[in-house]
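So the structure is just underneath, and the comments pick up after that.
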Amino acid sequence: MLHKSVEPRSPDSYPSPAAASPFDQIDLRWMVSAVLQHRWMIIAVPAIFTVLAIFFVIGRSPNFTASTQLELTNLRLAFSREDALFAETHPDPTFLETQLQIIRSDRVALNVLTHLQMIAADASAQSKAEALKKLRQGFSAERVGLSNVVALSYSSSSPEMAAQLANEFARAYVAEQNAARWDAAQAGSGWLRDRLREIGPKARVIAEALPPPHKSNMRGLLIIVAAGMVGGVLAVAGAFLWKFLDRRILTPEEAAAATGAECLGIIPRFAGSANASRTDVSTEPQATNSFSADMSSLSYALDHPNSEAWSTLRNVKAACEDCFGGKGLRYLGITSTFAGEGRSTVAANLALSLAASGKSVLLVDCDIYDPVLSRTFAGPESIGLRDYLRDGQASFGSHVLVEQRTGLNFLPLGTGSGANGDDIWTINLRRFFEETLTSYEYVIFDIPTLGNLADIRAAARYLDGFLLVVGWRKVTAEAARLGATSSSVMHERLLGTVLNNVDSRETRWLLSSQVNFLNKSVQTDELPGVVETVRRVTNKTSRSKKVLVKVALAFILAAATMALLP
Numbered sequence: 352m353l354h355k356s357v358e359p360r361s362p363d364s365y366p367s368p369a370a371a372s373p374f375d376q377i378d379l380r381w382m383v384s385a386v387l388q389h390r391w392m393i394i395a396v397p398a399i400f401t402v403l404a405i406f407f408v409i410g411r412s413p414n415f416t417a418s419t420q421l422e423l424t425n426l427r428l429a430f431s432r433e434d435a436l437f438a439e440t441h442p443d444p445t446f447l448e449t450q451l452q453i454i455r456s457d458r459v460a461l462n463v464l465t466h467l468q469m470i471a472a473d474a475s476a477q478s479k480a481e482a483l484k485k486l487r488q489g490f491s492a493e494r495v496g497l498s499n500v501v502a503l504s505y506s507s508s509s510p511e512m513a514a515q516l517a518n519e520f521a522r523a524y525v526a527e528q529n530a531a532r533w534d535a536a537q538a539g540s541g542w543l544r545d546r547l548r549e550i551g552p553k554a555r556v557i558a559e560a561l562p563p564p565h566k567s568n569m570r571g572l573l574i575i576v577a578a579g580m581v582g583g584v585l586a587v588a589g590a591f592l593w594k595f596l597d598r599r600i601l602t603p604e605e606a607a608a609a610t611g612a613e614c615l616g617i618i619p620r621f622a623g624s625a626n627a628s629r630t631d632v633s634t635e636p637q638a639t640n641s642f643s644a645d646m647s648s649l650s651y652a653l654d655h656p657n658s659e660a661w662s663t664l665r666n667v668k669a670a671c672e673d674c675f676g677g678k679g680l681r682y683l684g685i686t687s688t689f690a691g692e693g694r695s696t697v698a699a700n701l702a703l704s705l706a707a708s709g710k711s712v713l714l715v716d717c718d719i720y721d722p723v724l725s726r727t728f729a730g731p732e733s734i735g736l737r738d739y740l741r742d743g744q745a746s747f748g749s750h751v752l753v754e755q756r757t758g759l760n761f762l763p764l765g766t767g768s769g770a771n772g773d774d775i776w777t778i779n780l781r782r783f784f785e786e787t788l789t790s791y792e793y794v795i796f797d798i799p800t801l802g803n804l805a806d807i808r809a810a811a812r813y814l815d816g817f818l819l820v821v822g823w824r825k826v827t828a829e830a831a832r833l834g835a836t837s838s839s840v841m842h843e844r845l846l847g848t849v850l851n852n853v854d855s856r857e858t859r860w861l862l863s864s865q866v867n868f869l870n871k872s873v874q875t876d877e878l879p880g881v882v883e884t885v886r887r888v889t890n891k892t893s894r895s896k897k898v899l900v901k902v903a904l905a906f907i908l909a910a911a912t913m914a915l916l917p
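In this text, residue positions in the sequence shown follow my numbering: the first is 352, and each later residue adds one.
Written out as structure tokens, the structure reads:
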């Protein structure tokens with residue numbers, strides 16, 4: 352260490368994160384959380400299925416089914432002890448199945464087509480085949496229970512046509528049986544011919560088909576309810592699958608498990624700001640050595656004391672004071688796994704809140720790839736750290752800007768050779784640490800992301816500790832784990848994590864114990880801006896709920912109307 356000699360944090364302080372199986376987290380809380388997080392999908396999908404079912408019920412063609420019943424008997428000749436011939440009934444299950452196949456045969460169907468003149472007598476074989484296929488689509492013949500009764504049914508869009516075709520199939524079958532017996536009787540003598548006409552299969556119509564008064568379609572209510580239930584099941588399954596595949600960090604518990612470091616709190620998405628790392632950039636260089644941090648995102652915690660962000664930054668300050676056996680740390684690097692997670696915003700808010708509490712704080716922009724703080728506070732082409740390190744005789748104070756309200760000192764990145772950190776993390780930093788060691792209680796560094804491993808390892812040789820900013824829904828647990836363990840020295844000195852840019856309206860659906868505890872711990876009675884924002888959000892939510900209720904009532908009314916249809 353060039354600036355001070357300290358003992359590194361023991362590796363046992365924070366257990367090294369391990370790649371956990373996604374299945375280990377699946378429990379009842381996980382399932383309920385998945386349903387709550389994707390509640391709109393679970394509402395929308397069944398609603399869409401219900402609407403589609405309503406349109407289907409309204410637009411489907413009516414279907415009527417007429418049925419006729421035949422009693423089938425099988426008469427045979429047998430010899431008595433007096434050698435006289437007589438007829439007797441002999442029921443046989445195989446006989447009934449045989450008759451059913453005859454009823455469904457092409458011969459009976461062609462008889463129906465010919466008798467009703469639905470096909471020309473000289474029609475081609477292809478025309479007959481197509482007519483038979485179309486005729487059979489609505490026809491069915493089934494045995495009624497274990498009896499000798501067969502039900503012939505036909506379904507059509509016209510009730511009269513359904514009854515006519517059902518009766519025609521019965522007539523055609525009876526005619527076919529009579530013709531078969533007549534052909535068999537022609538081969539016998541006169542006396543035997545009369546007997547043969549009476550034996551064999553015989554059918555008797557016991558219930559003639561009549562035009563049905565009601566449609567035989569499945570009732571509309573059943574279709575609508577079934578569609579809604581199927582949509583609900585698919586939506587819940589989709590919510591579970593989405594939750595399982597979406598490994599982005601949403602809760603402090605997930606951040607701690609992924610990085611192996613304590614999550615020190617959450618910073619909500621600032622009202623009126625996306626809490627992005629980029630803000631409005633000044634196009635003019637500073638005329639004096641002072642600057643103003645009156646910006647919605649970079650000074651949010653300073654402008655809103657007792658807010659959730661302010662409470663989180665206090666936890667970071669307490670963690671800085673408690674580490675290293677109570678000795679505390681002076682040089683803290685703020686980093687993140689990827690760009691856009693808000694590390695520059697957190698660094699500025701932390702530095703301003705520490706300065707506002709009476710601490711002497713220096714904020715240093717060391718992000719050579721995207722110097723947001725330098726562009727925002729100092730403007731382009733402003734002198735800073737790089738210029739100070741190049742000029743060994745330069746005065747440190749001439750490169751520092753002072754914030755007007757809090758007295759925070761800020762050292763911009765300065766002018767230099769672009770994205771190359773070799774001119775920063777060098778032996779020339781000895782003079783920097785010597786001057787800041789006695790001048791500042793805290794020195795906050797805004798450093799590059801963990802993906803720039805060379806810069807992180809170089810910074811780890813000089814800094815006391817690191818704070819990892821985890822963007823809410825910005826980084827997966829696996830990426831955070833790989834980033835946190837990319838440098839063993841950095842991980843040993845990892846102070847903790849901060850879950851940034853959290854949507855407060857969504858946190859209540861996460862079922863996170865730590866989030867619920869933090870929300871109840873923070874008092875918001877002194878936050879008129881936040882309260883007003885919450886009120887506006889609540890009003891919008893109430894209006895959305897009213898619209899949703901009206902739509903749901905319309906669906907229920909439509910479903911009830913369909914259910915009343917015969």
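C-beta atoms are modelled at their ideal positions from N, C-alpha and C, and glycine is treated no differently.
Ends of the beta strand (DSSP E) at residue i?
i: residue 683; result: 682-687
i: residue 752; result: 752-754
i: residue 507; result: 500-507
i: residue 716; result: 712-716
i: residue 819; result: 816-822
i: residue 797; result: 793-797
If you follow the alpha helix (DSSP H) that residue i is in, where does it begin and where does it stop?
i: residue 702; result: 694-707
i: residue 742; result: Counting along the chain, residue 742 falls outside any alpha helix (DSSP H), and DSSP gives it neither H nor E.
i: residue 386; result: 379-388
i: residue 453; result: 444-454
i: residue 584; result: 571-596
i: residue 839; result: 839-843
i: residue 806; result: 804-811
i: residue 728; result: Per DSSP, residue 728 belongs to no alpha helix (DSSP H) and is neither H nor E.
i: residue 654; result: 651-654
i: residue 784; result: 780-788
i: residue 466; result: 457-466
i: residue 673; result: 659-673
i: residue 834; result: 828-835
i: residue 722; result: Careful: residue 722 lies outside any alpha helix (DSSP H) and carries neither H nor E.
i: residue 605; result: 603-610
Run the CB neighbour count on residue i, radius 10 Å, all protein chains shown included, and call it buried at 16 or more, exposed below.
i: residue 678; result: exposed
i: residue 748; result: exposed
i: residue 513; result: buried
i: residue 580; result: exposed
i: residue 754; result: buried
i: residue 661; result: buried
i: residue 360; result: Here the model assigns residue 360 a pLDDT of 45, short of 50, so the residue's position is not dependable, and the following value carries that caveat. Answer is buried; the Cβ neighbour count reaches 16.
i: residue 867; result: exposed
i: residue 858; result: buried
i: residue 645; result: exposed
i: residue 519; result: buried
i: residue 883; result: For residue 883, the predicted model reports a pLDDT of 46, less than 50, meaning its position is unreliable and no value from the coordinates is stated.
i: residue 625; result: Because residue 625 sits at a pLDDT of 42, beneath the cut-off of 50, its placement in the model cannot be relied upon, and the point is left open.
i: residue 620; result: buried
According to DSSP, residue i sits in a beta bridge with which residue or residues?
i: residue 619; result: 853
i: residue 869; result: Note: residue 869 sits in no beta bridge, so no partner.
i: residue 493; result: 502
i: residue 524; result: DSSP lists no partner for residue 524.
i: residue 760; result: 713, 753
i: residue 474; result: BP columns for residue 474 are empty, so no partner.
i: residue 406; result: Paired residue(s): none; residue 406 is not in a bridge.
i: residue 420; result: 502, 558
Return the Cβ separation of residue i and residue j in integer angstroms, given the expectation that the two are a contact with Cβ distance under 8 Å.
i: residue 500; j: residue 422; result: 6 Å
i: residue 869; j: residue 617; result: 6 Å
i: residue 760; j: residue 712; result: 7 Å
i: residue 483; j: residue 457; result: 6 Å
i: residue 687; j: residue 819; result: 7 Å
Segment contact flag, the region 461-475 with the region 383-396, C-beta cutoff 8 Å, min 3 pairs: no
contact_flag[the region 577-590, the region 794-811] where n(CB pairs < 8 Å) is 3 or more: no
Touch test, the region 809-828 against the region 772-780, Cβ-Cβ under 8 Å, three pairs minimum: yes
Given 8 Å, three or more beta-carbon pairs between the region 686-697 and the region 846-853: yes
Cβ pair count under 8 Å reaching 3, the region 560-571 against the region 411-422: yes
Stretch-stretch touch, CB-based, cutoff 8 Å, three pairs: the region 832-845 with the region 594-602: no
Sufficient close CB pairs (3 or more, under 8 Å) joining the region 824-831 to the region 724-737: no
Cβ pair count under 8 Å reaching 3, the region 587-596 against the region 387-398: yes
At least three beta-carbon pairs within less than 8 Å, the region 445-454 to the region 496-511: yes
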